[in-house]
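Presented below is the structure to which this report refers.
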Amino acid sequence: MKHHTVIDSPYGPLTLVADNGVLCGLYMTAQRHRPPEESFGAREDTLFDETEEQLEAYFAGELKEFTVELSLHGTPFQRSVWDQLRKIPYGETCSYGDLADALGNPSASRAVGLANGKNPIGIIVPCHRVVGANGSLTGYGGGLDRKRRLLDFERGTALFQR
416 MKHHTVIDSP YGPLTLVADN GVLCGLYMTA QRHRPPEESF GAREDTLFDE TEEQLEAYFA
476 GELKEFTVEL SLHGTPFQRS VWDQLRKIPY GETCSYGDLA DALGNPSASR AVGLANGKNP
536 IGIIVPCHRV VGANGSLTGY GGGLDRKRRL LDFERGTALF QR
């Protein structure tokens, strides 16, 4: 059974979704590939205390790695990409090609990009840390401005203001 809540963040509202009590979605407003609201289940604010605490610590610059339990729903390939995303260290980036290499399939950078774009748990599964081969900012479901702000924040070149 799914439940959701909406919390404030430096990016505006974030919708957290849980399936049987385990986080399965974190969506920004106007996010590409955002499921319809009616698929999020009933509102339940108390179910997400741990996730909210970790996000608050992250935005305060006190948390570098999330430990909240996740339920990632996707194809086996998508889940393998999302697992690799979680291995990119805080404040660092890698390219789609780097991820494809890490998966043992160097020619799969386009497929990696598509899977990256379908990541259902933004920020916590850090798809914002993936850049083009030349270091350029490329697509981000939450928008390139948000991606730039997240990367700048993690690199210590910007602070979020509430």
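Numbering (the working numbering), first residue to last: 416 to 577.
C-beta atoms are modelled at their ideal positions from N, C-alpha and C, and glycine is treated no differently.
For residue i, is the classification buried or exposed, using 16 other Cβ atoms within 10 angstroms of its Cβ as the cut-off for buried?
i: glutamate 403; result: Residue 403 cannot be examined here, being either before or after the span of the chain that is shown, 416 to 577.
i: lysine 562; result: buried
i: arginine 577; result: Here the model assigns arginine 577 a pLDDT of 39, short of 50, so the residue's position is not dependable and the matter cannot be decided.
i: leucine 559; result: exposed
i: leucine 574; result: Bear in mind that the predicted position of leucine 574 carries a pLDDT of just 49, short of 50, making it too unreliable to give a figure here.
i: proline 428; result: exposed
Assuming residue i contacts residue j (C-beta within less than 8 Å), just tell me the rounded distance between them.
i: histidine 419; j: glycine 456; result: 6 Å
i: leucine 518; j: threonine 466; result: In fact, because the Cβ distance is near 27 Å, the residues do not count as touching under 8 Å.
i: leucine 438; j: isoleucine 536; result: 7 Å
With respect to the beta strand (DSSP E) encompassing residue i, which residues constitute its N-terminal and C-terminal limits?
i: alanine 433; result: 429-434
Would the beta-carbon of residue i be found less than 7 Å away from any heavy atom of the ligand MG?
i: isoleucine 503; result: The ligand MG is not among the ligands present in this structure, which contains no ligands whatsoever.
Ends of the alpha helix (DSSP H) at residue i?
i: tyrosine 442; result: Here tyrosine 442 belongs to no alpha helix (DSSP H); instead the beta strand (DSSP E) covers 437-443.
i: threonine 466; result: 464-474
i: valine 483; result: Run containing valine 483: none; DSSP gives neither H nor E here.
Quiz item: Pairing CB atoms from the region 536-552 with CB atoms from the region 497-508, are three or more of them under 8 Å?
Solution: yes
Quiz item: Would you call the region 488-503 and the region 527-538 in contact, with 3 or more CB pairs under 8 Å?
Solution: yes
Practice problem: Return the chain-ordered ranges of every alpha helix (DSSP H) run that is complete within the region 507-559 and spans a minimum of 4 residues. | Solution: 511-517 and 524-532
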